[in-house]
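Residue numbers (UniProt numbering): 1 to 631.
Put into structure tokens, the structure is as follows:
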């Protein structure tokens with residue numbers, strides 16, 4: 001199959017393979033040095049190339065005669081607003097905001113922190129930074145002041161770009177007081193804040209420091225893109241660290257541009273003029289890669305959606321957007337579709353929309369459980385493609401190819417993230433760094449070098465790149481995930497390595513147990529965590545959310561679910577307890593907070609992550625979980 005040939009070429013001849021792929025990019029100066037070492041353990045791509053990521057995303061398409069095509073659609077069910085921007089319109093706004101930043105003395109290499117909701121101005125600010133060669137660091141709008149201050153201290157931004165508020169389903173969150181508090185807490189003080197005033201809340205501006213977005217735009221001029229080196233940073237994106245200090249993943253410009261163009265074509269099958277919707281947030285890596293850069297670099301229409309998969313207004317929200325804008329591919333997290341399936345288990349709302357333009361669904365962010373995979377396939381009758389990647393890699397490590405090279409569809413497998421993408425030499429290693437046989441679980445690692453587009457370093461802490469990712473197995477990038485590759489070459493990611501529990505000497509994957517539980521027709525979503533046990537070391541605890549409209553009693557369901565675990569995995573995996581709950585604590589990207597659950601159950605001090613979607617769920621669960629370990 002073609003993907004196997006591509007993988008062999010990329011692994012055996014990485015320089016020639018990626019030199020050919022770099023032709024997808026309109027460089028200012030084409031690179032001659034394709035792959036080079038920058039330290040003993042790390043590498044650069046296209047080191048002597050020059051380009052500008054904003055030019056590739058915007059100006060280039062105008063030069064190709066596509067200025068009147070739609071670049072960005074803004075759809076906000078929480079405010080009722082909708083807007084469309086052509087490539088010409090978006091470029092003009094970005095070029096002006098770049099001048100606004102320049103007037104505040106932002107130049108190449110300076111950092112700009114962006115703290116905004118899902119509005120077009122967030123995209124404009126990101127692209128304006130790229131236009132100047134400045135480095136943006138997007139922090140989720142609504143992050144607590146403390147967490148924002150930590151990121152201000154690490155990135156040391158010259159300017160903060162914010163909005164007056166964020167709008168949720170039933171509330172408005174003023175952002176400016178959070179920004180003010182964060183600056184008060186932080187040791188680093190930005191020179192200026194530029195605030196976009198929204199209708200819902202007007203922010204109070206601090207004289208001498210704060211500037212009004214629109215007032216500055218009214219006097220700005222359009223300025224051209226600034227050439228940068230391939231290895232110059234495009235952005236810093238913070239991801240949670242085990243030490244409590246967030247890791248600032250640095251993305252370069254050149255390798256990133258090649259990876260974006262390559263992936264839009266080869267993973268997502270998108271071409272110029274298509275509409276691609278990554279139903280995520282610009283605060284996540286998915287938003288950086290496929291709401292902003294990849295989609296626009298590929299000449300597609302992108303969608304900035306300020307809403308939820310449910311309750312804005314109902315579980316048909318995603319299908320409404322797909323139908324209204326003739327979306328060709330939809331990319332979201334499994335948790336979004338589990339929420340939709342819980343609210344609308346028969347898919348009745350889906351039937352109300354014309355989805356004839358929608359070609360395929362992509363899922364990432366957490367493991368796609370087989371039950372959700374089958375539900376989506378059955379209800380949409382579309383290819384459902386799970387793929388696996390990380391903030392650190394910036395694009396997919398594994399996916400199922402669109403075809404085999406001869407026009408034949410490559411089969412997906414339930415529970416699998418597909419095959420490694422060309423350039424990602426994925427191997428399953430045991431504790432001694434040796435490859436394990438097909439079908440056996442181990443640590444998922446990637447043999448170096450990583451392909452273009454992956455992290456360049458950890459901001460201001462290059463040693464953390466080595467200690468965090470490269471030291472466990474020299475010569476490999478350690479993903480932190482456990483999994484296996486089956487005899488057909490499909491990769492299965494079973495969860496974080498620390499989500500394997502040890503029950504009386506038996507190592508059990510919580511992912512496998514979740515797979516069994518989620519296979520029950522009444523289960524909307526679930527989590528299994530290991531809790532401390534004096535006799536066995538650890539035992540599993542199951543937490544289950546039930547679909548709407550289920551008539552069976554909780555007792556009947558619990559009995560059936562416990563039996564299914566015994567039948568499928570064995571008596572050793574017997575759940576100590578199984579609770580039916582209303583909802584699980586999650587991050588905004590939909591990842592279940594298993595560490596937080598373990599802390600609650602074991603009576604430890606709870607570390608509530610800054611990325612949590614709703615802190616109220618912790619309060620709801622506390623009563624049910626306190627003392628369960630003594631029961």
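All C-beta atoms in this analysis are idealised placements derived from N, C-alpha and C, irrespective of residue type, glycine included.
None of these values were measured; they are calculated from a predicted model.
Non-local C-beta neighbours of residue 27 in its own chain, meaning closer than 6 angstroms and more than five positions away in sequence, comprise 49, 51, ordered along the chain. The distance from the Cβ of residue 75 to that of residue 282 is about 14 angstroms, inconsistent with a contact at the 8 angstroms cut-off. It is roughly 23 angstroms from the alpha-carbon of residue 293 to the alpha-carbon of residue 143. Contact between residue 117 and residue 313 is absent: CB atoms are separated by about 19 angstroms, not below the 8 angstroms threshold.
A straight-line Cα-Cα distance of about 11 angstroms links residue 414 and residue 491. Contact between residue 213 and residue 183 does not hold, since their C-beta atoms are separated by about 18 angstroms, which reaches or exceeds 8 angstroms.
Collapsing the DSSP output to three states places residue 34 in coil.
In the DSSP assignment, residue 317 falls within the alpha helix (DSSP H) that extends over 317 to 324. Assignment of residue 458 by DSSP, reduced to helix, strand and coil, places it in the strand class. Closest in alpha carbon position to residue 522, among 538, 553, 541, 501, is 553. Fully enclosed beta strand (DSSP E) runs of no fewer than 3 residues occupy 301 to 305, 329 to 332, 360 to 363 of the region 297 to 367, in order along the chain.
DSSP places residue 83 inside the beta strand (DSSP E), whose first and last residues are 81 to 86. With fewer than 16 other CB atoms across the displayed protein chains lying within 10 angstroms of its CB, residue 549 is exposed. Comparing alpha-carbon positions, the option among 423, 622, 346 lying closest to residue 258 turns out to be 423. The Cβ neighbour count for residue 510, taken over all protein chains shown within 10 Å, is at least 16; the residue is labelled buried. Pairing residue 125 with residue 114 gives a Cβ-Cβ distance under 9 angstroms.
Looking at 324, 151, 2, the one whose alpha-carbon comes closest to that of residue 140 is 151. Taken through DSSP and simplified to helix, strand or coil, residue 183 comes out as helix. When rounded, the separation of the alpha-carbon atoms in residue 449 and residue 367 is 25 angstroms. Taking a contact as a CB-CB distance under 8 angstroms, the pair residue 357 and residue 326 counts as one, their CB atoms being some 4 angstroms apart. No Cβ-Cβ contact shorter than 9 angstroms links residue 558 with residue 508. Under the DSSP assignment, residue 533 falls in the beta strand (DSSP E) whose first and last residues are 523 to 533. Assignment of alpha helix (DSSP H) within the region 158 to 205, counting only whole runs of 4 or more residues, yields 176 to 185 in chain order. When DSSP states are grouped into helix, strand and coil, residue 233 belongs to the strand group. If you draw a straight line from the Cα of residue 350 to the Cα of residue 581, it is about 27 angstroms long.
In the assembly as shown, residue 386 is a buried residue. Its beta-carbon has 16 or more other beta-carbons within 10 Å.
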